[in-house]
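To start, the structure itself, in structure tokens.
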Amino acid sequence: MKKIAVIGSINMDLTAQAERLPGKGETISAKSLQYVPGGKGANQAVAAARLGGDVALFGCVGDDAFADRLIENLEQNSVDTASIRRVAGVSSGIAMITVAEQDNCIVVVPGANHCVTPAYLDEVKSAVLSADILILQNEIPLDTVAYAMELGRQAGKLVIYNPAPAAPVSEEVLEKADYITPNEHEAALLFPDAGDLPALLERCGGRMIVTQGEKGAAAWENGEMLCIPARPARVVDTTGAGDTFNGVFACALAKGYPLAKALQIANTAASLSTEQPGAQGGMPTWARVTECAGFEEP
Numbered sequence: 131m132k133k134i135a136v137i138g139s140i141n142m143d144l145t146a147q148a149e150r151l152p153g154k155g156e157t158i159s160a161k162s163l164q165y166v167p168g169g170k171g172a173n174q175a176v177a178a179a180r181l182g183g184d185v186a187l188f189g190c191v192g193d194d195a196f197a198d199r200l201i202e203n204l205e206q207n208s209v210d211t212a213s214i215r216r217v218a219g220v221s222s223g224i225a226m227i228t229v230a231e232q233d234n235c236i237v238v239v240p241g242a243n244h245c246v247t248p249a250y251l252d253e254v255k256s257a258v259l260s261a262d263i264l265i266l267q268n269e270i271p272l273d274t275v276a277y278a279m280e281l282g283r284q285a286g287k288l289v290i291y292n293p294a295p296a297a298p299v300s301e302e303v304l305e306k307a308d309y310i311t312p313n314e315h316e317a318a319l320l321f322p323d324a325g326d327l328p329a330l331l332e333r334c335g336g337r338m339i340v341t342q343g344e345k346g347a348a349a350w351e352n353g354e355m356l357c358i359p360a361r362p363a364r365v366v367d368t369t370g371a372g373d374t375f376n377g378v379f380a381c382a383l384a385k386g387y388p389l390a391k392a393l394q395i396a397n398t399a400a401s402l403s404t405e406q407p408g409a410q411g412g413m414p415t416w417a418r419v420t421e422c423a424g425f426e427e428p
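Here my numbering is used: the first residue of the sequence shown is 131, the next is one more, and so on.
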């Protein structure tokens, strides 16, 4: 199996369960509050590792009370944490999440995630480039994202870029990725003049994969749009579904699955993840995915 390096954020999610999402300027009561390890980088690493991927995470935590718990959680999920840096005098990343009405709203405080710099990557470059697949997202500095993508490209690695949260990124940077995996909102921000979905997918020549929530995912293969339907889910919490999709997609590619099958596996896993609370709480194992969808090892 190919090795996966995830370069990204590590957060503690403060998740409040409420009856509904608050309006602007409104205060509401929550039913409960949970402290749940998260961050898009950590989530994607855990999602891949849960399916048996060989995964290392590259990122930073602070020197606060959350740091040990965040690293311990990754290790309990079989993620290699050897290159994670503890930064003195800085807080670990925090995400404040309100979950209600089968949806969520999130405010992120980056903290130590801002310390995932190109200089840090230079220090861990040999470990990063020992992997075959690199995954990146936008909860670390964008210049670091661009630098890591260039490192991967020059070394002949497969680079998966999940442009979330949405941020302005140049086409020059996007061209460094083998796969770009936005949701519909992020795709529209990245390519505002691209036209409809088929036109966007064709324009990107097979590099673009657009996730569509309950509608599944769409890609471009062999000169036509490839639509992968979603597995029906009894939704409890959508937090982390996109991260599950990305981590599992990378793991499926690492296992040797072709694109269409890798997307089916990722869709199934993302759907399963919404049936439990928390970003990582519902991330399935390989056994659970095969139980639901009948996939076999390639």
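Each residue gets a CB set at the ideal place from its N, CA and C atoms; glycine is no exception.
THR454 burial status per 10 Å Cβ neighbour count (16 or more: buried)
Past the edges of the chain, shown from 131 to 428, lies residue 454, and the structure says nothing about it.
Rounded Cβ spacing between SER222 and ALA186 (contact assumed at less than 8 angstroms)
Between ALA186 and SER222 the Cβ distance is about 19 angstroms, and since that is not below 8 angstroms, they are no contact.
Using alpha carbons as the reference points, say which of THR415, GLY192, LYS385 and GLY408 lies closest to ASP262.
Comparing Cα-Cα distances from ASP262 to each of THR415, GLY192, LYS385 and GLY408, the minimum goes to LYS385.
Which of helix, strand or coil does DSSP assign to TYR250?
Residue state, collapsed to three classes: helix.
Which same chain residues end up closer than 7 angstroms to HIS244 when comparing Cβ atoms and leaving out the 5 residues on each side of it in sequence?
Closer than 7 angstroms at Cβ, skipping near neighbours: PRO271.
Three-state secondary structure (DSSP) of GLY241:
Here DSSP, grouped into helix, strand and coil, assigns GLY241 to helix.
Distance, GLY370 Cα to ASP233 Cα:
A direct Cα-to-Cα measurement between ASP233 and GLY370 gives close to 11 angstroms.
Sorted by chain position, which residues of the same chain lie with C-beta nearer than 8 angstroms to ALA148's C-beta, five sequence neighbours on each side aside?
ILE158, SER159, ALA160, LYS161, THR228, VAL229 and ALA230, listed in sequence order.
Residues near ILE265 in its chain [Cβ-Cβ closer than 6 angstroms; skip 5 each side]
In chain order, VAL136, GLN174, ILE290 and ALA380 place their CB closer than 6 angstroms to the CB of ILE265, counting only its own chain and leaving out the 5 sequence neighbours on each side.
The segment 305-319 contacting the segment 328-341, beta-carbon criterion three pairs below 8 angstroms
Touching, yes.
Just checking my contact of HIS315 with ALA296 at CB under 8 angstroms: how many whole Å lie between their CB atoms?
Indeed they touch by this definition, with Cβ atoms about 6 angstroms apart.
Could you name the residues of the same chain whose beta carbon sits closer than 7 angstroms to that of ALA278, not counting the 5 residues immediately before and after it, in chain order?
ILE137, LEU251, LEU264 and LEU266.
Alpha helix (DSSP H) containing CYS381: first to last residue?
Its alpha helix (DSSP H) spans residues 371-385.
Nearest-angstrom Cα distance between PRO240 and VAL220?
PRO240 and VAL220 have their C-alpha atoms roughly 10 angstroms apart.
Since I believe ILE224 is in contact with LEU144 (beta carbons under 8 angstroms), could you give me their beta-carbon distance rounded to a whole number of angstroms?
Taking the Cβ atoms as the reference, LEU144 lies roughly 7 angstroms from ILE224, within the contact range of under 8 angstroms.
Do the CB positions of LYS255 and LEU288 come within less than 8 angstroms of each other?
For LYS255 and LEU288, no; Cβs fall outside 8 angstroms.
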